[in-house]
Each structure stands twice: as C-alpha cells, then as structure tokens.
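Numbering (mature numbering (1 follows the signal peptide of the UniProt record, and there is no 0)), first residue to last: -37 to -1, 1 to 198.
In structure tokens:
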C-alpha cells in the first residue's frame, strides 16, 4: 500500500537513525556463526539467502532491547483484564477480537493463514513513532499496536505473534529490517518459511508474496525469539 510508503518517506530521518544505530552495533562486534548451506536446516542455521543476501547467525538478543521489550510486554498483556473494546488500555475485549482471527484460521492451509493475518493487520492505521510515542524508534507489542496503531516493524511484530499463536514455529519466522531501494529508506517486514519457500508479509503490499518476487529490498538484519541474523550480498 503506497500510503504507508509515503508516510515512511516522511519519517526518513528517524528510520535512518535506526540504520545508524545498527551499524554501531555491528562495529561493536558479536560472536557469530556462519549459516549452514542447506536452506531446509533447522534452528538458527536455516535459510541462507533472502532478497539476494546471505545470512549469518548470531547468538542472543541482548543487542535488541526494543524487540525483547516488545516480547515481555506481549506476555504481560495476555493476563485476563476485563474491559470494553472502547477502552484505551488493552483488555479481554481487545484480546478476544484478536483471538477470533486466530480461531477462524486454525486448521486452514498455511498460505491461507498468512493471507488472513496479513490482511487483518494491514487494516490498522500507519503512524510514525515520533508522532505516536514521542521517540525516534519504538517497537510496540501487539496490544500496543491494537490500541495505538504503529509503523512497519509494529505490523511485523503483530503478525509474528499472531502466527506464533496459530502454531507456526519461531524458527520459521523472522522480522526483517531492510533497505527499501525504491524509497531509499529502511523498512521492516515479516518473513515466513513454509517448506522450501519464504513468504513476505508486508504492510506496504496487500498480498502475501514469495520473497523471490521482490527485487527492491536489501536485508540488513532479522530477529526472532531465538536469535538474530546479519545479511551481506550473496555475490
């Protein structure tokens, strides 16, 4: 959806700060392990190539406090809280609306699940972090996204936890921070491995598409619950 792309372009300064912060992280150094050659392998050494770049696996999530904070707030918000869907704080009503989606797609083919989750989340309004949270960059938990909407990584996080609730293993999911070569700005999407294919759930694209069909993305790093990956050109 171009509307989100235009808003992202307006937030170019904040997005570039994210990229600079990550560059500093890489300069600091972290223990790494090169990903194995087999794309079908399990664990952190699985998919090697994404958008023409090769992944290198890294241990631990300490470099990503915004991501681990979103995980912690997600589990905290799952506690039973009574309330109305009109309330500004996340409660059982909001949770049930989300769970209705999960129940509806349970047992359906995986691609249908991805399409349903992508469509559901992409209906939420796009809003930049400085406007929404008063900070340059914030990774929202799903409950925060449902209450206050969000930007690209917030869509990806909400989709990530929706698919985890459906039963998709964490090893098949990655939140990917990348460079959009068309817009010239960083962006974030969710990728899902299904068999020998990788699908992309993107708030800028209404359809779920195979990663190989996208030519204008250059991945920088990706994360899930188990670790993170750095990308370099495969050539």
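Every residue gets a Cβ at the ideal spot worked out from N, C-alpha and C, and that includes glycine.
Treat the numbers as computed from the prediction; the structure is a model and nothing was measured.
- Under 6 Å Cβ to Cβ from residue 87, same chain only, skipping five residues before and after it: list those, please. Excluding positions up to five away in sequence, the list reads 112.
- residue 101 versus residue 148 - alpha carbon distance: Answer to the nearest angstrom: the Cα atoms are 17 Å apart.
- Task: Using beta-carbon positions only, say whether residue 58 and residue 166 come within less than 8 Å of one another.
- Result: Result no, Cβ atoms of residue 58 and residue 166 do not sit closer than 8 Å.
- Query: In three-state DSSP terms, what is residue 250?
  - Reply: Because the chain is modelled from -37 through 198, residue 250 falls outside the range shown and cannot be assessed.
- Given 8 Å as the limit, is there contact between the segment 66 to 76 and the segment 156 to 172, that is, 3 or more CB pairs closer than that? The segment 66 to 76, when compared against the segment 156 to 172, does touch it at the 8 Å Cβ threshold.
- Task: Name the two residues that bound the continuous alpha helix (DSSP H) containing residue 210.
- Result: Any answer about residue 210 is impossible in this case: the structure gives the chain only from -37 up to 198.
- For residue 173, which beta-bridge partners are listed by DSSP? Answer is 162.
- Query: Using the beta-carbon count (16 or more within 10 Å), is residue 125 buried or exposed?
  - Reply: By the neighbour-count rule (16 or more Cβ atoms within 10 Å), residue 125 is buried.
- Message: To the nearest angstrom, how far is the alpha carbon of residue 80 from that of residue 197?
- Response: Approximately 31 Å, taken between the alpha carbons.
- Task: Alpha carbon to alpha carbon, how far is residue 135 from residue 161? Give it in angstroms, no decimals.
- Result: Roughly 9 Å separates the two Cα atoms.
- Item | Secondary structure of residue 194, DSSP reduced to three states | Residue state, collapsed to three classes: strand.
- Message: So, with DSSP's three-state summary, where would you put residue 73?
- Response: In the structure shown, residue 73 adopts helical secondary structure according to DSSP, grouped into three states.
- Using alpha carbons as the reference points, say which of 127, 93, 83 lies closest to residue 109. Nearest of 127, 93, 83 to residue 109, Cα basis: 83.
- Item | 8 Å Cβ cutoff met for residue 103 and residue 33 | Yes, these two residues count as a Cβ contact at 8 Å.
- Message: Beta-carbon within less than 8 Å of residue 16's beta-carbon, same chain only, minus the 5 sequence neighbours each way: which residues are those?
- Response: Hits under 8 Å: 181, 182, 194, 195, 196, 197.
- Pick from 173, 62, 118 that is closest to residue 140, judged by C-alpha positions: That would be 118, whose Cα lies nearest to the Cα of residue 140.
- Message: Please report the distance separating the alpha-carbon of residue 97 from that of residue 77.
- Response: If you draw a straight line from the Cα of residue 97 to the Cα of residue 77, it is about 32 Å long.
- Message: Quick check: is any heavy atom of the ligand NAD less than 7 Å from the C-beta of residue 190?
- Response: With respect to the ligand NAD, the structure offers nothing, as it holds no ligand at all.
- Query: How about residue 152 and residue 144: are their beta carbons less than 8 Å apart?
  - Reply: Contact: no.
- For residue 157: DSSP bridge partner residues: Under DSSP, residue 157 forms a beta bridge with 160.
- Item | Per-residue DSSP class, three states only, for residue 132 | In the structure shown, the three-state DSSP call for residue 132 is coil.
- Message: Spatial neighbours of residue 177 within its chain, please: C-beta separation below 7 Å, excluding the five flanking residues on both sides.
- Response: Within the same chain, and ignoring the five residues on either side of residue 177 in sequence, the residues whose Cβ sits closer than 7 Å to its Cβ are 14, 163.
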